[in-house]
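*Asks:* Supplied in structure tokens, the structure appears directly below.
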Amino acid sequence: MKPNVLYSYYPAQWHRNLWREGFVAGNGRTGINVLGAVQHETVLLNRGDLWTGLKKTSLPDVSDALKQMRELRKKGQFLQADRAICDALVQKGYKASCSVPLPLGQLDIVREKGGIFENYLRSLDMDSGEICVRWKSEGNAFERRYFVDAADDRAYIGIRSSIEDSFILRLRTRDERDSQFPCPPYVAESAAVSAENGRVEYSARNDDGLYFGANLCLKTDGKISVSNAEIRVSGATDTLLCVGLYANRERPVQETIKLTKGYETLFARHKKAFKRQYRGTEINLYRGKSHANEELLLQAQKDGLSTELIEKMFRYGRYLFVSGTSAGALPFAQYGLWFGDYNAQWSQNVLNENLEMIYEQSFCGNLIDRLLPVFDYFESNLEEYREAAKKLFGCRGICIHAYSCPNMGGVAVNVPVITNWTGAAAWIAHFYVKYFEFTQDETFLVSRALPFLKEVCLFYLDFLYLNERGEIEIYPSVSPENSPKNFVGENAETLSHPMPSAINAAMDVALVREVFTQYLSLSARAGQTDENEKKMRQILNRLPAYRTEDGAFKEWCFDGFSENHNHRHFAHLYPLWPGDEIKEESEWFEACRRALERRTENGLHHQSGWSLTHLCNLYCRLHDGERAYECLKFLVKSDVLQNLMTVHNDWRGMGMSLHSDDIAPVQLDANLGFVCAVQEMLLHCEANRVEILPALPAALRKGRAKNLRLFQYTVSLEWDTEQKTLKISTDCPDLGAYDLRLPKQFSNVKIN
């Protein structure tokens, strides 16, 4: 067994949702999910650009409702004000909903002889993107190998056996018995399959009337026969399948794929290109015998989180990321390319935590090119974002709704906790700025970053106002997705949002300060002036001050709200992470630590998978490696499936994360948050400061990190806490130009 390979002694296990535990591969556009059965194999087929169910009407002008809200706020009638904008939209007949990813279909490979097997092993090589399923039966060897090729955007499957074997190939709609939701009627009723010698074609129509489907071609040393739109292969020892997928076409695509090369030749070409996507970044924490997923997860339950599993989870998160998005594709979604439900829950691009958690790791992880689809995605909707700013709040600039999907820039989920949150655009602006900091791409700065930041600043210039005491106030101001404790009843449900529309959320204060400061600084760098510069500087000098309650950093910069610590979000600590405003020397540093203590003092049963990784990243910024390590341990024990995919919450009710009787959605943001957290343990860089091993837990007593990104350079680390040695290698010409902070536990430090 190899350290860069995931192994499982079982196929997917989760009954009636087998897709949740499949092994997956993709090229950013096309994805396959392999369930790994011996006799009746299922391969899910998906396209990242295939979405369904989008509903939107023209956004009415309800900006007068904001005035009504603020009048009610003056009277302290927060509950009445909370729904003002949402109700105004409903009263004017506005209806909209996000689309969801639509499973394209599946390939069935049904062996005519099966059931008796031994030495079963399922594997995923994270350096090449190849999935293998191997077993023996009566002393004979069988294997299936799968990968998705970026070169021609097709999936290839090699089927081999040491004796002649027979099987049936079938393309069809996704099996709704393995989905929590039924197949939409417009898909089921339009689905069509045809087969002829060596070819199978499958197509169906989406709710917009456009077609999607798959074409399968094969070559084999066995015999081929066709019956009932299926192909039967008999007497075969070597078969190659090629599956091409398409979506959003005016008519079905009929394609004959000529297979002139064998599996090994095709895979060799793919493997070389696939590994380059990692940019050479990796970590090595474990030396020894490799173990299967089941062994590693069992060890985590019994003895704690091993360095082997930390390394595997790190590699796996990066593997999912490079497989799940690419240049010209859509941003990486919550389920990647590997969803199996017809209406997968919370599958949109959620912008009050989840998309940002997915992408924060891309900077030090040397994968920042994957941010370009994010910028393309948001810039394609600028006109609708401007319309939302004007018609919802009477403001210039842009306002981005927290629930986002392709071709939707308006209000998709009309509830106060979402509609009244205005921070999404500023949080996305954070990525524009960091992208420039890490690339020093002056063209990007002038043509993309500064124009986007200006739109955000224009919105806040109009949205911020002076209250009756002449103070700058932000209202409505939602701290995702919390409500002040004095508005939370004793019987409030875990996921409820009784009164989120508060005043001066600390996150909003931090976002305004960050985007104004960065816009002014970068404009000056580019030699640009802005007519609003004076007003922005005045606002910066008068923003509400952060506050504390019981020594803890307060979620709202307003005395009328008390802290609700029984919550999964940590939005108020944005200036600590992912922002860089609060540092070790800050007066608020220890208050942030106290806030985390208060949020977790009653246990972890309010947390989710992604919030445990968020918590881990916060502890890294507090230089508390031990508590950061514990967060990853709790995540693995509560919210990780057999294939190492993460879920939103613990379905078993063990108490280390949220428990709900009916949901435990796959959410890969925690997989990517895990990657970010490990990187934060090893390296943090911002402005002129570089911190090496700032939050190294005792469990990582020795290891190597290769080619982490240090702005436009790379840095590699090798450490041994027992020998007290630390080696730093970098292509940065002058590391001494930075405020370089090294851990004190190493007496022998070499930099080259």
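Quick note on numbering: the sequence shown equals residues 111 to 862 in our numbering.
From the three backbone atoms N, C-alpha and C, an ideal C-beta is built for every residue, glycine too.
#1: Identify the continuous beta strand (DSSP E) that holds Ile142 and give its terminal residues.
#2: Assuming Gly215 and Trp448 form a contact by the criterion Cβ under 8 Å, report the distance between their Cβ atoms to the nearest whole angstrom.
#3: Starting from Lys860, follow its DSSP beta bridges and name the residues at the other end.
#4: Tell me, please, whether the stretch 180-196 touches the stretch 151-163 by the rule of three or more beta-carbon pairs shorter than 8 Å.
#5: Would Leu376 and Leu326 qualify as a contact pair, given that the criterion is a beta-carbon distance under 7 Å?
#6: Could you give the distance in angstroms between the alpha-carbon of Ala324 and the alpha-carbon of Lys385?
#7: For Val625, does the three-state DSSP call read helix, strand or coil?
#8: Considering Cα atoms alone, identify which of Arg704, Lys693, His794 is closest to Lys664.
#9: Comparing alpha-carbon positions, which option in Pro843, Lys837, Asp841 lies nearest Val915?
#10: From the DSSP output, read off the bridge partner residues of Ile802.
#11: Closest to Val825 by C-alpha separation, out of His125, Lys834, Cys842, Met764, would be which residue?
#12: From Glu641 to Phe431, what does the alpha carbon distance come to, in whole angstroms?
#13: Pick from Ile649, Phe133, Trp666: whose alpha carbon is nearest that of Arg657?
#14: Counting only the same chain and skipping the five closest in sequence on each side, list residues whose C-beta sits under 8 Å from that of Glu248.
#15: Skipping 5 residues on each side, what residues in its chain have a beta carbon closer than 7 Å to that of Gly661?
#16: Give the single residue among Trp124, Ala135, Trp129 whose Cα lies nearest to the Cα of Leu116.
#17: Counting pairs of Cβ atoms below 8 Å between the stretch 731-746 and the stretch 800-808, do you hit three or more?
#18: Going by other Cβ atoms of all chains shown within 10 Å of its Cβ, with 16 needed for buried, is His150 buried or exposed?
#19: Cα-Cα, which of Ser233, Val619, Trp531, Tyr629 is closest to Leu555?
#20: Under a Cβ-count criterion, where at least 16 other Cβ atoms within 10 Å of its own Cβ denotes burial, should Asp771 be classed as buried or exposed?
#21: Let me know if Met111 comes out buried or exposed under the rule of 16 or more other beta-carbons within 10 Å of its beta-carbon.
#22: Can you tell me whether Lys205 is buried or exposed? The criterion is at least 16 other CB atoms within 10 Å of its CB, across all chains shown.
#23: Give the secondary structure of Cys872 by DSSP, where H, G and I count as helix, E and B as strand, and everything else as coil.
#24: Assuming Gly813 contacts Asn403 under a Cβ cut-off of 8 Å, what Cβ separation, rounded to an integer in Å, is found between them?
#25: Enumerate in chain order the residues of its own chain whose CB-to-CB distance from Ile250 is below 8 Å, with the five nearest sequence positions on each side excluded.
#26: Between which two residues does the beta strand (DSSP E) holding Ile341 run?
#27: Tell me which residue opens and which closes the beta strand (DSSP E) that Tyr312 is part of.
#28: By Cβ distance below 8 Å, which residues in the same chain neighbour Ala620 in space, the five residues on each side in sequence not counted?
#29: Excluding sequence positions up to five away, which residues of its chain have a Cβ less than 6 Å from the Cβ of Arg309?
#30: Under 7 Å Cβ to Cβ from Val863, same chain only, skipping five residues before and after it: list those, please.
#31: Span of the alpha helix (DSSP H) holding Asn464?
#32: With burial defined as no fewer than 16 other Cβ atoms inside 10 Å of the residue's Cβ, what is the status of Leu408: buried or exposed?
#33: Below 6 Å CB to CB, which residues in the same chain sit around Ile278 once its five sequence neighbours on both sides are set aside?
#34: Assuming Glu222 contacts Ser276 under a Cβ cut-off of 8 Å, what Cβ separation, rounded to an integer in Å, is found between them?
#35: Taking the beta strand (DSSP E) that Val134 belongs to, which residues open and close that run?
#36: Relative to the alpha-carbon of Gln471, which residue among Gln822, Cys786, Lys246, Ala147 has its alpha-carbon at the smallest distance?
*Replies:* Result, derived from the coordinates:
#1: 140-144
#2: Not a contact, Cβ separation roughly 14 Å.
#3: Lys837
#4: no
#5: no
#6: 27 Å
#7: helix
#8: Arg704
#9: The structure shown does not extend to residue 915, since the chain is modelled only from 111 through 862, so no value can be given for it.
#10: Leu793
#11: Cys842
#12: 41 Å
#13: Trp666
#14: Ile226
#15: Ala701, Arg704
#16: Ala135
#17: yes
#18: exposed
#19: Tyr629
#20: exposed
#21: exposed
#22: exposed
#23: Since the first residue of the chain shown is 111 and the last is 862, residue 872 is not available in this structure.
#24: Contact doesn't hold; Cβ gap of about 21 Å is too wide.
#25: Checking the displayed sequence, the identity of residue 250 turns out to be Asn instead of Ile. Closer than 8 Å at Cβ, skipping near neighbours: Ser271, Ser272, Ile273.
#26: 340-359
#27: 309-315
#28: Tyr684, Pro685, Gly689, Glu691
#29: Cys327
#30: Summary: the structure shown does not reach residue 863, with the chain confined to residues 111 through 862, and so no result is reported for it.
#31: 464-469
#32: exposed
#33: Val220, Glu340, Arg342
#34: 5 Å
#35: 133-136
#36: Cys786
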